[in-house]
Amino acid sequence: MSPKKTQRHTCPVCGFDRLKEAPRSSSGGASFEICPACGFQFGVSDDDDGISPEEWREDWIARGMEWTSKGIRPPRGWRPEERLAALKGKDA
Ligand SMILES: [Zn+2]
C-alpha cells in the first residue's frame with residue numbers, strides 16, 4: 007500500500023505525505039520547506055523559533071487541523087486524522 011513512483015516525504019508534525027523535500031537531510035540540514043498542511047517550516051519553526059514538532063502538532067490539532075497553505079490546495083481525500091494516526095502508528 008505504499009506506491010513509490012516518486013519519492014515523497016512525510017511531515018513529522020502532521021503526517022502530510024507529499025512534502026517535496028525531506029524535512030532533514032541525512033546530514034541534519036533543514037529543508038526550509040513549509041508544510042502546506044500544518045504550516046511548520048523545517049529549520050525555522052524548530053531551529054529559529056524553538057518549537058518542537060510535538061508542540062506544533064498539539065497546537066495545530068487544537069486549532070482544528072486546518073489546512074494552512076493559501077497557495078497549495080489539499081490533496082483529494084485529505085484526512086488529517088488518518089495521517090496523524092499513520093504517523094503515530096509507524097513512529098517514523
Ligand atoms: Zn505538516
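Okay, so the sequence shown: first residue is 7 according to the working numbering, each after it adds one.
Here a beta-carbon is modelled for each residue, glycine too, at the ideal position from N, C-alpha and C.
Close-in-space but distant-in-sequence residues of the same chain around Arg62 (CB under 7 Å, 5 per side omitted): As a working note, residue 62 is residue 56 in the sequence shown. For the sequence presented, residue 62 should be read as Trp rather than Arg. Cβ within range, chain order: Val19, Cys44, Phe46 and Ser51.
Query - Gly95 burial status per 10 Å Cβ neighbour count (16 or more: buried) - result: The residue you call residue 95 lines up with position 89 of the sequence shown. Exposed, since its Cβ has fewer than 16 Cβ neighbours within 10 Å.
- Along the chain, where does the alpha helix (DSSP H) that runs through Glu27 open and close? Counting from one through the sequence shown, the residue named residue 27 turns up at place 21. Glu27 -> no alpha helix (DSSP H), and no H or E assigned at all.
task: Determine the extent of the alpha helix (DSSP H) in which Asp65 is found, giving its start and end residues.
output: In the sequence shown, residue 65 corresponds to position 59, counting from 1. Residues Pro59 to Ala68.
Original post:
Among all the DSSP beta bridges, which residues are the ones paired with Gln13?
Top reply: One-based indexing of the sequence shown puts residue 13 at position 7. The partner list for Gln13 (beta bridge, DSSP) is empty, contrary to what the question assumes.
Q. Taking buried to mean at least 16 other C-beta atoms within 10 Å of its own C-beta, is Ser31 buried or exposed?
A. In the sequence shown, the residue the question calls residue 31 occupies position 25. Looking at its Cβ environment, which holds fewer than 16 other Cβ atoms inside 10 Å, Ser31 is exposed.
#### Entry: Chain-order list of residues whose beta-carbon lies under 6 Å from that of Ala98 (same chain, five-residue window excluded)
Working through the sequence shown from its first residue, we reach residue 98 at position 92. Model confidence at Ala98 stands at a pLDDT of 47, short of 50, so the residue's coordinates are unreliable; what they give is reported in the following sentence. Cβ neighbours of Ala98 beyond the five flanking positions: none.
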